[in-house]
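Heads up, the thing below is written out as structure tokens.
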Amino acid sequence: MAAINLKKTTTHADFLPENQLILNAVSEGIYGFDLDGNAVFINPAAEKMTGWQAQELLGKNIHDCHHHSHSDGSRYPKEDCPIYNTLKDGAAREITHEVFWRKDGSSFPVHYTSTPVYKDGVLMGVVAIFRDISIQKQTEQSLRQALEQVQALSEKLSFENQYLQLELADRTGDVGISGSSQPINQLIQQIKLVANTESTVLISGENGTGKELVARNLHRLSNRADKPLVSVNCAAFSTALLESELFGHEKGAYTGATSRRKGRFELANNGTLFLDEVAELSLEAQSKLLRVIQEQEFERVGSSQTIKVDIRLITATHHDLLKRVEQGLFRMDLYYRLNVFPIVVPPLRNRLSDIPELVSHLMQELNKKLGKKISKVSQRGMQNLAKHNWPGNVRELQNILEREMILSTGAVLEFDQLAAEPQAKTPNAAATNTKQTLAEIETAHILKILKQSQWRISGPSGAAAILGMPPSTLRSRMSKLAISRPV
Numbered sequence: 402m403a404a405i406n407l408k409k410t411t412t413h414a415d416f417l418p419e420n421q422l423i424l425n426a427v428s429e430g431i432y433g434f435d436l437d438g439n440a441v442f443i444n445p446a447a448e449k450m451t452g453w454q455a456q457e458l459l460g461k462n463i464h465d466c467h468h469h470s471h472s473d474g475s476r477y478p479k480e481d482c483p484i485y486n487t488l489k490d491g492a493a494r495e496i497t498h499e500v501f502w503r504k505d506g507s508s509f510p511v512h513y514t515s516t517p518v519y520k521d522g523v524l525m526g527v528v529a530i531f532r533d534i535s536i537q538k539q540t541e542q543s544l545r546q547a548l549e550q551v552q553a554l555s556e557k558l559s560f561e562n563q564y565l566q567l568e569l570a571d572r573t574g575d576v577g578i579s580g581s582s583q584p585i586n587q588l589i590q591q592i593k594l595v596a597n598t599e600s601t602v603l604i605s606g607e608n609g610t611g612k613e614l615v616a617r618n619l620h621r622l623s624n625r626a627d628k629p630l631v632s633v634n635c636a637a638f639s640t641a642l643l644e645s646e647l648f649g650h651e652k653g654a655y656t657g658a659t660s661r662r663k664g665r666f667e668l669a670n671n672g673t674l675f676l677d678e679v680a681e682l683s684l685e686a687q688s689k690l691l692r693v694i695q696e697q698e699f700e701r702v703g704s705s706q707t708i709k710v711d712i713r714l715i716t717a718t719h720h721d722l723l724k725r726v727e728q729g730l731f732r733m734d735l736y737y738r739l740n741v742f743p744i745v746v747p748p749l750r751n752r753l754s755d756i757p758e759l760v761s762h763l764m765q766e767l768n769k770k771l772g773k774k775i776s777k778v779s780q781r782g783m784q785n786l787a788k789h790n791w792p793g794n795v796r797e798l799q800n801i802l803e804r805e806m807i808l809s810t811g812a813v814l815e816f817d818q819l820a821a822e823p824q825a826k827t828p829n830a831a832a833t834n835t836k837q838t839l840a841e842i843e844t845a846h847i848l849k850i851l852k853q854s855q856w857r858i859s860g861p862s863g864a865a866a867i868l869g870m871p872p873s874t875l876r877s878r879m880s881k882l883a884i885s886r887p888v
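All you need for the working numbering is the position in the sequence shown, starting with 1, plus 401.
What follows is the structure, encoded as structure tokens:
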């Protein structure tokens, strides 16, 4: 472009014919300016893009016609315009973030260059070459949106995969709802009645009775069976971490939040959310849970953006929630929201006739897990099992059976070690028949399980698993009750 000669009094007619033919043929818009900033040349492409005809702009200040405002409509002073600044300092400029305004008042994004024109070393004017980049901007926006969608899907799959891996790692094989006793038949009937509804279910029962298994069957028989079932043990997290676990958090929401994370409510969208040990929720968390149940919406920690969800809620607890309401530990309004359809899972001591069927089912699963081929339990072994009080319920049965199968060298189990153990009274019986305090009863039971597990707290055969609580909770209770391993 430096070959173009612009005199001090340059006019549209002064361009050489051969140069004008070239300038008229290009698809980019081209303006020529004299040192006063007035237009001296406008090619047809510029006319087409702006709607302004050459005769309307020649000899005029073009900035006032189509470069007068920013994209947001705010005033764009001529003193700030790169084209006119080139007239001042003779420096070339390239701009990609501005808009030109058409004659009809609409605007379009442009990429333009502002190039000084010299003759014999003297600045004679400026040539501005521009093109409409609307399609390019739209393409970039579409690509950004597509990338955001891909990233969102990738993030969702990553979270779901992480969650499923954690769930699988925590499974030793589902035990199934085995048994044909009257309490179990009644339980199965209740599950079938409510499973295919959207009603909130509150499952109660002692630790180890299989409350989570009931929740899984409720989901499996529901209209949401092909959607995710997401579980949260409310007792396994501190108050601060539980809120993040349930609702998710944004990057930088708190110390250690190095990336954005979706919560269990988002992962359970269109599916079922199972809140185990719901009585352990803090009053603050209960308040937020109540809002989600009522509004079906929440915000991530560190975000003000509202996220709407569609979930079916199932909760479980081994506490008497109504008593906790009376004690001021649980919100009454939340209790009534959760207790729409209560299901009570019977303890194993109330359905001892189911033990043979339970053992048969558990042995099949454990044979696969342990690589064993143990076929049955002897009659004496079954009698030993029937005499046990089962304070840890089905979970205790599973752990004792696994231990027996590991130790066994034959094909038949006897459970002689179980028969030799002193039989502890159930918590209810102990509270009724002795003058022990609740803390003393709890201490005695924890000590019994610790001795039975050889003081192993964690692991599938550890005391925490038998008692149906996280290892961290058991250690906390041991500290509070001053329970320590004998030296």
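Using N, Cα and C, we set each Cβ at its ideal position, and we do this for glycine too.
The alpha-carbon of residue 629 is positioned some 15 Å away from that of residue 614. Listed in chain order, the non-local C-beta contacts of residue 814 below 6 Å within the same chain comprise 778, 782 and 805, local neighbours out to five positions each way being set aside.
For residue 871, the closest alpha carbon among the candidates 527, 634, 443 and 429 is that of 634. For residue 664, the closest of 655, 639, 694 and 699 by C-alpha to C-alpha distance is 699. For the 8 Å CB-CB criterion, residue 767 and residue 798 do not form a contact. Of all alpha-carbon atoms in 607, 434, 500 and 475, the one lying nearest the alpha-carbon of residue 746 is that of 607. By a beta-carbon distance limit of 8 Å, residue 503 contacts residue 452. Their separation comes to about 5 Å. Here residue 514 has 495 and 530 as same chain residues with Cβ atoms under 6 Å from its own Cβ, once five neighbours each way along the sequence are excluded.
Residue 810 sits in coil when the DSSP states are folded into three classes, being neither helix nor strand.
Bounds of any beta strand (DSSP E) do not take in residue 490; it lies within the alpha helix (DSSP H) bounded by 483–490. Taking the Cα positions, residue 848 is about 20 Å away from residue 802.
Taking each of 816, 811 and 810 in turn and checking the Cα distance to residue 800, the smallest one comes out for 816. Across the structure, residue 525 and residue 482 are spaced so that their CA atoms are roughly 18 Å apart. Judged by DSSP secondary structure, residue 648 falls within the alpha helix (DSSP H) whose first and last residues are 640–648.
In this structure, residue 641 lies away from residue 623, with their beta-carbon atoms at least 8 Å apart.
Around residue 751, the same chain offers 584 as residues with beta carbons nearer than 7 Å, after the five sequence neighbours per side are excluded. DSSP links residue 453 through a beta bridge to no other residue. Rounded to whole angstroms, the separation of the alpha carbons of residue 682 and residue 721 is 14 Å.
Assigned with DSSP and collapsed to three states, residue 636 falls in helix. When the beta-carbon positions are compared, residue 512 and residue 536 stay at least 8 Å from each other.
Contact between residue 735 and residue 690 holds: CB atoms are separated by about 7 Å, below the 8 Å threshold. In summary, residue 632 is buried, with 16 or more beta-carbon neighbours lying within 10 Å of its beta-carbon over all protein chains present.
Shown here for residue 679: same chain residues with a beta carbon closer than 6 Å to its own, the five before and five after excluded, namely 635, 716 and 718 in chain order. By the beta-carbon neighbour count (other beta carbons within 10 angstroms, threshold 16), residue 489 is exposed. With a contact defined as Cβ atoms closer than 8 Å, residue 600 and residue 741 qualify at about 5 Å.
Residue 702 places its beta carbon less than 8 Å from that of residue 648.
Between residue 462 and residue 439, the C-beta gap is smaller than 8 Å, which places the two residues in contact. With respect to residue 712, residue 666 sits close: the two C-beta atoms are nearer than 8 Å. For residue 762, the three-state secondary structure derived from DSSP is helix. In the DSSP assignment, residue 523 falls within the unbroken beta strand (DSSP E) covering 523–533. With fewer than 16 other CB atoms across the displayed protein chains lying within 10 angstroms of its CB, residue 549 is exposed. Listed in chain order, the non-local C-beta contacts of residue 776 below 6 Å within the same chain comprise 812, local neighbours out to five positions each way being set aside. Remark: C-beta atoms of residue 684 and residue 732 approach each other more closely than 8 Å.
Membership of residue 861 in any alpha helix (DSSP H) is not indicated, and neither H nor E is assigned to it by DSSP.
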